[in-house]
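Residue numbers (my numbering): 909 to 1005.
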């Protein structure tokens, strides 16, 4: 009898937890800071303007730095991305745009 009760209780618990609501995912941050060197500043500002027109409310903030300051901004988490023609520091990942 005890074994049957445990099985029934386990089955009920399984059914109840299988129908539990899914947690709401956290909101995606809306602001992104993109660094660039002076050579790409005009291009980046044009791209950001076009992005704002297509995605209102989603903020991308362009920041212009000298190259070494741009790398430092990444290390200090002030920007998420740097657009530059220079190769990144050793051990960093880069992809062509």
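Backbone N, C-alpha and C define an ideal beta-carbon position, used for all residues, glycine too.
Whole-angstrom distance between residue j and residue i, CA atom to CA atom
i	j	result
residue 951	residue 966	19 Å
residue 959	residue 990	17 Å
residue 977	residue 918	60 Å
residue 962	residue 949	20 Å
residue 915	residue 940	52 Å
residue 988	residue 943	8 Å
residue 999	residue 947	24 Å
Within 8 Å, strictly: CB atoms of residue i and residue j
i	j	result
residue 932	residue 973	no
residue 970	residue 982	no
residue 985	residue 995	no
residue 979	residue 997	yes
residue 1005	residue 992	no
Beta-ladder partner(s) of residue i, from DSSP
i	result
residue 991	944
Test: residue i CB closer than 8 Å to a CB of chain C
i	result
residue 992	In the structure shown, chain C does not exist; there is a single protein chain.
Own chain partners of residue i with C-beta closer than 8 Å, once the 5 adjacent residues on each side are dropped
i	result
residue 953	970
Cβ shell of residue i (< 7 Å), same chain only, five flanking positions each side left out
i	result
residue 968	940, 942, 956 and 959
Own chain, CB closer than 6 Å to residue i, minus 5 neighbours either side, in chain order
i	result
residue 920	none
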